[in-house]
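Input: a single structure, listed below in C-alpha cells.
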Amino acid sequence: RLEGGFMPPFIADKLRKYPMDAHIPSFQLALKAGVKIAAGSDGNYGAGASTDLFSELETQVKYGMSPTQALASATIDAAICIGYEDQIGTLEKGKSADMIAVDGNPMEDISILRLVDFVMREGCVLTSSVEDFPAGSCRS
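Under my numbering, think of the first position of the sequence shown as 23, with each following residue one higher.
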C-alpha cells in the first residue's frame, strides 16, 4: 500500500520509480559476498514489495538465501546488526524471545511460517489452536 494512510502520495510517486526488481542483483551480490543481512518489513517500496516479515523471508529465499539463512536474517543476524545479540536473536537462558509454533518444517518450505499454530510473547501464549495452551492462558 503506497497510499491509503501508510505514506504521503508524493513519496509513493517517487518510490514507484524504483521497482523492487532493481534491488535483486545487489541483494544477490551482498549475499554472495557474505554481507550480514537483517530481514525487515518496515519499508513500503512499491508494487510487489514485501510488507510483512513472512513475505520478506519468502522473497529472500526466492532470490538465493537458504531457508536457514532467511530465518537467521530475522533472528540472530538482525540482533547482531543492531548490537543486541546478547539480549535477543536466539533461544537461550537469560535472553528475551518471542516465538511462533508452526505445523511443518520451515527449513524445507519457508512459507510454512504462515501457518502459525500459536504465538508466544514474553512467555505467554497469545493465540492458539492447541487445546493444551488456551489463548491468553498466562495473561494477568
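In this text, a Cβ means the ideal position worked out from N, Cα and C, and glycines have one as well.
Taken in chain order, the complete beta strand (DSSP E) segments of 3 residues or longer contained in the region 97–147 are 121–124, 138–143. Taking a C-beta distance under 8 Å as the contact criterion, Phe76 and Leu135 qualify as a contact pair.
Measuring C-alpha to C-alpha distances from Asp43 to each of Val57, Gln82, Asn127, Gly62 identifies Gln82 as the nearest.
Between the alpha carbons of Tyr106 and Lys39 lies a gap of roughly 35 Å. With respect to the 8 Å criterion, Ala119 and Phe140 are not classified as neighbours on the basis of their beta carbons. When C-alpha distances from Ile98 are compared across Lys58, Lys36, Asp131, Asp74, the shortest belongs to Lys58. Under the criterion of beta carbons closer than 8 Å, Ala61 and Ala100 qualify as touching, at roughly 6 Å.
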